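Enquirer: Take 1 as the starting number for the sequence shown in full-length UniProt numbering and just add one per residue.
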Amino acid sequence: MNSNVENLPPHILRLVYKEVAALAADPPEGIKVYPSEEDITELHTAIEGPEGTPFAGGVFRMRLVLGKDFPAVPPKGYFLTKIFHPNVGHKGEICVNVLKRDWKAELGIRHVLLTIKCLLIHPNPESALNEEAGRLLFEDYAEYESRARLLTEIHAMGPSGALQDPNDGPQPKKHAGDPMKRAGPSAAPVPATLGNGANAASTTSNSNSSTNNVAGKKKADKKRALRRL
Numbered sequence: 001m002n003s004n005v006e007n008l009p010p011h012i013l014r015l016v017y018k019e020v021a022a023l024a025a026d027p028p029e030g031i032k033v034y035p036s037e038e039d040i041t042e043l044h045t046a047i048e049g050p051e052g053t054p055f056a057g058g059v060f061r062m063r064l065v066l067g068k069d070f071p072a073v074p075p076k077g078y079f080l081t082k083i084f085h086p087n088v089g090h091k092g093e094i095c096v097n098v099l100k101r102d103w104k105a106e107l108g109i110r111h112v113l114l115t116i117k118c119l120l121i122h123p124n125p126e127s128a129l130n131e132e133a134g135r136l137l138f139e140d141y142a143e144y145e146s147r148a149r150l151l152t153e154i155h156a157m158g159p160s161g162a163l164q165d166p167n168d169g170p171q172p173k174k175h176a177g178d179p180m181k182r183a184g185p186s187a188a189p190v191p192a193t194l195g196n197g198a199n200a201a202s203t204t205s206n207s208n209s210s211t212n213n214v215a216g217k218k219k220a221d222k223k224r225a226l227r228r229l
């Protein structure tokens, strides 16, 4: 989506910068904001799944896009993390009244973020974008909860479970090193064929040696017996 920075009046841009800076410095509980210096009209956030909901334990990435008519027109919200929720469409689009008919220019971005977080606690199946999720919420909450929790576990639960800056990137993995070096030289297994062959050769050698000794003793005894005659 193209940036709307050039389309917004300077005084609106100043207000947006001020609010985004305040959000980054003091974000709402369970929400982290990642402002972009290049495009202030597209705001990336992460929301922790509220406790007591099927989304608990998950971290859901989201973005708000401020259009050229902001704040007269509400921002558009999108979930970047896949979620099973009546008010979130298959492409991540969010259907919530504060982003539609209940919007007021003075509400601000913080109010939008808090409203979306509340939507995770209290879905509104009457304005469902995901019809299947809305139907299950009405008819079979246990199945709805199971589906929602499953997608949370698959898509929203990272290894750390913490809100991290997406610009940080993945942390470098600690290399395990050479397993043979870790185990030490004594841990290196001897191939079975080599071990069996060596044992077999040793056994054969011992057997041949014993046979030769017996044969030699018999010859010596025979010679002594002939001398007596």
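Glycine included, C-beta positions come from ideal geometry on N, C-alpha and C. Fair warning: this is a prediction, and the values are worked out from it, not measured in the lab.
Classify residue 61 as buried or exposed, calling it buried when 16 or more other Cβ atoms lie within 10 Å of its own Cβ.
Expert: Buried, by the Cβ-count rule.
Enquirer: Which residues bound the beta strand (DSSP E) around residue 44?
Expert: Looking at the DSSP string, the run of the beta strand (DSSP E) that includes residue 44 is 42 to 48.
Enquirer: Please classify residue 134: does DSSP put it in a helix, a strand, or coil?
Expert: Helix.
Enquirer: If you drop the 5 nearest sequence neighbours on each side, which residues of the same chain put their C-beta closer than 6 Å to that of residue 127?
Expert: Closer than 6 Å at the Cβ level, and outside the excluded window around residue 127, lie 95.
Enquirer: Between the alpha carbons of residue 119 and residue 63, how many angstroms are there, rounded?
Expert: Going from the Cα of residue 119 to the Cα of residue 63 covers about 15 Å.
Enquirer: Tell me where the beta strand (DSSP E) around residue 8 begins and ends.
Expert: Neither: residue 8 is in no beta strand (DSSP E) and is coded neither H nor E.
Enquirer: Using 10 angstroms around the beta-carbon of residue 177, count the other beta-carbons present and answer buried if the total reaches 16, otherwise exposed.
Expert: Any reading at residue 177 must be qualified, since the residue scores a pLDDT of 37, below 50, and its modelled position is unreliable; the value itself is stated next. Exposed: under 16 other Cβ atoms inside 10 Å.
Enquirer: What residues are listed by DSSP as bridge partners for residue 77?
Expert: In DSSP, residue 77 forms a bridge with 64.
Enquirer: Near residue 84, what residues of its chain come up, given a Cβ to Cβ distance below 6 Å and the 5 sequence neighbours on each side ignored?
Expert: Only 133, 147, 148, 151 meet the Cβ criterion.
Enquirer: Is residue 113 near residue 47, with beta carbons less than 9 Å apart?
Expert: In contact: residue 113 and residue 47 (Cβ atoms closer than 9 Å).
Enquirer: Does residue 145 come out as helix, strand or coil in the three-state DSSP assignment?
Expert: Residue state, collapsed to three classes: helix.
Enquirer: Residue 129 and residue 238 - do their beta-carbons sit closer together than 9 Å?
Expert: The first residue shown for the chain is 1 and the last is 229, placing residue 238 beyond what the model contains.
Enquirer: DSSP on residue 39, reduced to helix/strand/coil?
Expert: Of the three classes helix, strand and coil, the one that applies to residue 39 here is coil, per DSSP.
Enquirer: Is it right to say residue 141 is buried, meaning 16 or more other beta carbons lie within 10 angstroms of its own, or is it exposed?
Expert: Exposed is the call here.
Enquirer: Thinking C-alpha only, which one of 136, 107, 122, 117 is nearest residue 74?
Expert: Answer by Cα proximity: 107.
Enquirer: Nearest CA to the CA of residue 116: which residue from 155, 50, 143?
Expert: Of the candidates 155, 50, 143, the one whose C-alpha sits nearest the C-alpha of residue 116 is 50.
Enquirer: Can the beta-carbon of residue 125 be found closer than 9 Å to that of residue 110?
Expert: Not closer than 9 Å, so no.
Enquirer: Since residue 68 and residue 7 should fall inside the 8 Å C-beta cutoff, what is the C-beta to C-beta distance between them, to a whole number of angstroms?
Expert: Confirmed, about 4 Å.
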